[in-house]
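Asker: Structure below; questions to follow.
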Amino acid sequence: MTKAELVAKIAEKNGTSKAQAEASMNAILDIITDELAAGNKLTLTGFGTFSVSERKARTGRNPRTGAEIKIPATKVAQFKPGKVLKEAVK
Numbered sequence: 001m002t003k004a005e006l007v008a009k010i011a012e013k014n015g016t017s018k019a020q021a022e023a024s025m026n027a028i029l030d031i032i033t034d035e036l037a038a039g040n041k042l043t044l045t046g047f048g049t050f051s052v053s054e055r056k057a058r059t060g061r062n063p064r065t066g067a068e069i070k071i072p073a074t075k076v077a078q079f080k081p082g083k084v085l086k087e088a089v090k
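Position 85, counted from 1, in the sequence shown is what UniProt numbering calls 85; the numbers after and before it change by one each time, with no gaps.
Written as structure tokens, this is what we have:
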């Protein structure tokens, strides 16, 4: 499913225009992004939890040449599904 298809389904389900549905979805995505960028955790009860995890720096290997390369430490976004979502997917 694409973002456009999701917006269309939201508009249909809520009886709103696609423009309103897209504005709402963009607002939600912006809030999630802002919270994660600030290093906060966001929990949507029943759906899941968005959080930020830190990966340590490590040494990797270039598969083509075999040369060692340094991979810097980085932060990554993570999502852990909630119980209700896990049950719905089963």
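Glycine residues also receive a C-beta, built at the ideal position from the N, C-alpha and C atoms.
Considering only residues of the same chain and omitting the five flanking positions on each side of E87, which have a CB-CB separation below 6 Å?
Answerer: Residue 87 sits at position 87 when you count from the first residue of the sequence shown. Here the set comprises nothing.
Asker: For T16, does the three-state DSSP call read helix, strand or coil?
Answerer: The residue labelled residue 16 in the question sits at position 16 within the sequence shown. T16 falls in the coil class under three-state DSSP.
Asker: Going by C-alpha to C-alpha distance, which of L36, A38, K9, G60 sits closest to S24?
Answerer: The residue labelled residue 24 in the question sits at position 24 within the sequence shown. Nearest option by C-alpha distance: K9.
Asker: Can you name the residues that DSSP bridges to K80?
Answerer: Numbered from its first residue, the sequence shown carries residue 80 at position 80. For K80, which the question treats as bridged, DSSP gives the partners T49.
Asker: Just to confirm, are G48 and L6 a CB contact at a threshold of 8 Å?
Answerer: Stepping through the sequence shown from its first residue, residue 48 is reached at position 48. Stepping through the sequence shown from its first residue, residue 6 is reached at position 6. Contact: no.
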